[in-house]
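Counting in full-length UniProt numbering, the sequence shown runs from 17 upward without gaps.
Beta carbons: idealized from backbone N, C-alpha and C, even for Gly.
Note sheet for the following structure.
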Amino acid sequence: ALVLGIETSCDETAASVVGRGADGRAVILSNVVLSQIEEHAAFGGVVPEIAARAHADAIQGVIGAALHEAGTTLDRISAVAATSGPGLVGGLIVGALAGKAIAASRGLPFLAVNHLEGHALTPRLTDGVRYPYLVLLVSGGHTQILLVSGPGGFERWGSTIDDALGEAFDKTAKLLGLGSPGGPAVERRAATGDPGRFPLPRPMRGERRLDFSFSGLKTAVRQVAERHAPLAPQDVDDLCASFQMAAAESVADRVNLALERLRERFPDASDLVLAVAGGVAANGAIRNALERLCARHGVRLVAPPLSLCTDNGAMIAYAGLERLEMGRSDPLDAPVRPRWPLDEAAAPIIGSGR
Ligand code: ATP
Ligand code: MG
Ligand code: FE
């Protein structure tokens, strides 16, 4: 079975064709991602109305490119999956409507996929990881630890109580005049900085609740920047390095607790896995911290290639494929849900249909 997947929840217009090989492994036949970063750069963040228009302009071409790169046509597609939430409502409507139009005109099953489910199932797509496993999702919009226990079985063990981790990187970059997206810029400047120069808080360290918090860290960075204004280039490097180290240690403390709980929950499991997802997984300091922790706990760290950690259509196609293989599909009037937590059945319903 070949599934066409469509992703339009934020600032990437993406489409992909994913199939299942004879050996049971998932195969990515194409993965086309058109980023809108340049459209939004001047505004220092994603502008919803601009995003929706850019998705509408790009969607047909991106789907066509995904089919072409896969060397296939709609005649050979078995189902269409589209991100239906959570995300920006305008983009969600564009992608979901495109998917439904194809499904309706071809008489194919339609799958309304939760974007977070796409991220959470990516380690199964890339590494064939078996249930159960833990996922650390760290992106611009989300920061959470999930136990993925089986098809549709998600337990949110903890999430951020304020800013997402990527958001903290982006805000720090903005504050220091480093441009957007901020994560890569902060990491670059941190490479030549002294992480011990500025003492910054490690939010939530030692808390028994598995949540994250980053707004206090961001505020502390602002206070240091104000106190040392005007900042010389070396000050910026040192502040980036100090921030990155504080963020990595805060994440490590939370993940350490999660790995302890994972072991308590599955004392006899021989192949426990922690998988990372989201754009912040690109960060070397955070990756190193996770590698050390996993080695200490005897847990395997699965870090998919970055192109599959950030938003893409392949993860949506794959989540659709798993659902299709369970005999599931969604009605063509399935709504889009700007808010749609993975582990909660009820969410406010807005948008197309009904
Ligand atoms: P979401 O997927 O939650 O809707 P998003 O589209 O912003 O949000 P991603 O595309 O997965 O998330 O990742 C982008 C985020 O990752 C940005 O916040 C960016 O700053 C951050 N990021 C990317 N590279 C790095 C890096 N090297 N270090 C730290 N953060 C990074
Ligand atoms: Mg993105
Ligand atoms: Fe995402």
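Quiz item: Should the stretch 231-246 be regarded as contacting the stretch 194-204, the criterion being three or more beta carbon pairs within less than 8 angstroms?
Solution: Verdict: no, contact absent.
Per-residue burial, His84 [other beta carbons within 10 Å of its own, 16 or more giving buried]: Position 68 of the sequence shown, counting from 1, holds the residue named residue 84. Per the 10 Å Cβ criterion, exposed.
Residue ranges of each beta strand (DSSP E) run of no fewer than 3 residues wholly in the stretch 84-144, ordered along the chain? Runs of the beta strand (DSSP E) inside the stretch 84-144: 95-101, 126-130.
Across which residues does DSSP place Gln160 in a beta bridge pair?
-> Taking the first residue of the sequence shown as position 1, residue 160 is located at position 144. Answer by DSSP bridge pairing, in chain order: Leu153, Ser175.
(Q) Can you look up Ala285 in the DSSP assignment and give me helix, strand or coil? (A) Position 269 of the sequence shown holds residue 285. Correct three-state label for Ala285: coil.
Same chain, Cβ closer than 7 angstroms to Asp251, neighbours up to 5 away in sequence not counted | Translated into positions along the sequence shown, residue 251 becomes position 235. Cβ-Cβ distances below 7 angstroms link Asp251 to His244 in the same chain, with the five nearest sequence neighbours on each side left out; the list follows chain order.
Assumed close pair Ala297, Arg303 - CB separation to whole angstroms, cut-off 8 angstroms
Numbered from 1 along the sequence shown, position 281 holds the residue referred to as residue 297. Numbered from 1 along the sequence shown, position 287 holds the residue referred to as residue 303. Right, their Cβ atoms sit about 7 angstroms apart.
Checklist entry - Name the DSSP bridge partner or partners of Gly166? => result Taking the sequence shown and counting its residues from 1, the one referred to as residue 166 is at position 150. DSSP lists Gly169 as partners of Gly166.
Item to complete: Identify, in the order they occur along the chain, each residue of the same chain with its Cβ nearer than 6 angstroms to the Cβ of Thr159, setting aside the five sequence neighbours on each side.
Response: If you number the sequence shown from 1, residue 159 lands on position 143. Thr176, Ala180, Leu181, Phe228.
**Prompt:** So, are the CB atoms of Ile93 and Val33 less than 9 angstroms apart?
**Reply:** Against the sequence shown, residue 93 aligns to sequence position 77. Against the sequence shown, residue 33 aligns to sequence position 17. Yes.
Open item on the list: Using only CA atoms, which one of Asp186, Asp143, Gly134 lies nearest to Pro167?
Closed with: The residue you call residue 167 lines up with position 151 of the sequence shown. Cα-wise, what sits closest to Pro167 is Gly134.
When DSSP labels each residue in this structure, what does Ala74 get in the three-state scheme?
As a position in the sequence shown, residue 74 is number 58, starting the count at 1. Reduced to three states, the DSSP call for Ala74 is helix.
message = For Pro217, tell me which candidate among Ser25, Gln239, Arg225, Ala207 has the shortest Cα-Cα distance.
response = By one-based count along the sequence shown, residue 217 stands at place 201. In this structure, Gln239 is the residue among Ser25, Gln239, Arg225, Ala207 with its C-alpha nearest to the C-alpha of Pro217.
Return yes when the C-beta of Thr138 is under 8 angstroms from any heavy atom of the ligand ATP, and no when it is not.
-> As a position in the sequence shown, residue 138 is number 122, starting the count at 1. Taking non-hydrogen atoms of the ligand ATP into account, the C-beta of Thr138 is found less than 8 angstroms away from none of them.
Taking 6 angstroms as the limit between beta carbons, can you name the residues of its chain near Leu340, skipping five residues before and five after? Sequence index remark: in the sequence shown, residue 340 carries index 324 (1-based). Ala95.
| said: Assess contact between the stretch 100-112 and the stretch 337-354, defined as three or more Cβ pairs (one per stretch) separated by less than 8 angstroms. Is contact present? | reply: A contact exists between the stretch 100-112 and the stretch 337-354.
- Message: For a test of the three-state rule: what should DSSP assign to Phe214, helix, strand or coil?
- Response: One-based indexing of the sequence shown puts residue 214 at position 198. DSSP, reduced to helix, strand and coil, places Phe214 outside both helices and strands of the structure shown, so it counts as coil.
Fill in: Where the alpha helix (DSSP H) through Thr29 begins and ends
Counting from 1 along the sequence shown, the entry for residue 29 is found at position 13. Annotation: Thr29 is outside any alpha helix (DSSP H); the continuous beta strand (DSSP E) that includes it extends over 28-36.
Exercise for the section: Below 6 angstroms CB to CB, which residues in the same chain sit around Ile332 once its five sequence neighbours on both sides are set aside? Expected result: Working through the sequence shown from its first residue, we reach residue 332 at position 316. Taken in chain order, the residues that qualify are Gly21, Glu23, Ala97, Thr99, Val129, Gly134.
Leu153 versus Leu226 - alpha carbon distance: Working through the sequence shown from its first residue, we reach residue 153 at position 137. Working through the sequence shown from its first residue, we reach residue 226 at position 210. Cα to Cα, Leu153 sits roughly 14 angstroms from Leu226.
Hey, how far is the Cα of Ala67 from the Cα of Tyr334? The residue you call residue 67 lines up with position 51 of the sequence shown. The residue you call residue 334 lines up with position 318 of the sequence shown. Their Cα atoms are separated by approximately 24 angstroms.
Determine, using beta carbons only, whether Val110 and Ala82 come nearer to each other than 9 angstroms. Mapped onto the sequence shown, residue 110 falls at position 94. Mapped onto the sequence shown, residue 82 falls at position 66. No; because the gap between Cβ atoms is not below 9 angstroms, this pair is not in contact.
Next on the checklist: What would DSSP say about Arg221, mapped onto helix, strand or coil?
Outcome noted: Along the sequence shown, one-based indexing puts residue 221 at 205. In this structure, Arg221 counts as coil in the three-state DSSP scheme.
**Request:** Apply the 10 Å Cβ neighbour rule to Asp269 and answer buried if 16 or more other Cβ atoms are within range, or exposed otherwise.
**Result:** Translated into the one-based positions of the sequence shown, residue 269 becomes position 253. Asp269 comes out buried.
- [ ] Give the secondary structure of Ala362 by DSSP, where H, G and I count as helix, E and B as strand, and everything else as coil.
- [x] Numbered from its first residue, the sequence shown carries residue 362 at position 346. Caution applies to Ala362, whose pLDDT of 38 falls short of 50 and renders its modelled position unreliable; the value that the coordinates give is listed next. Three-state result, Ala362: coil.
message = Am I right that Pro148 and Phe282 are in contact with their C-beta atoms under 8 angstroms? What's the rounded C-beta distance?
response = The residue given as residue 148 occupies position 132 in the sequence shown. The residue given as residue 282 occupies position 266 in the sequence shown. Their Cβ separation, rounded to whole angstroms, is 7 angstroms, which keeps Pro148 and Phe282 in contact under 8 angstroms.
Next on the checklist: Based on DSSP bridge pairs, tell me the residues matched to Gly21.
Outcome noted: Residue mapping note: residue 21 aligns to position 5 of the sequence shown, counting from 1. The partner list for Gly21 (beta bridge, DSSP) reads Ser32, Ala97.
Problem - Nonlocal neighbours in the same chain, by C-beta distance under 8 angstroms from Lys190, ignoring five residues either side - result: Start at 1 with the first residue of the sequence shown, and residue 190 comes out as number 174. Hits under 8 angstroms: Gly60, Ser196, Gly198.
Exercise for the section: Spatial neighbours of Pro64 within its chain, please: CB distance less than 7 angstroms, with the 5 preceding and 5 following residues excluded, ordered by chain position. Expected result: Taking the first residue of the sequence shown as position 1, residue 64 is located at position 48. Taken in chain order, the residues that qualify are Leu104, Gly106.
Going by C-alpha distance, which of Asp359, Thr88, Ala58, Ser165 is nearest Gly35?
Taking the first residue of the sequence shown as 1, we reach residue 35 at position 19. Out of Asp359, Thr88, Ala58, Ser165, Thr88 has the C-alpha closest to the C-alpha of Gly35.
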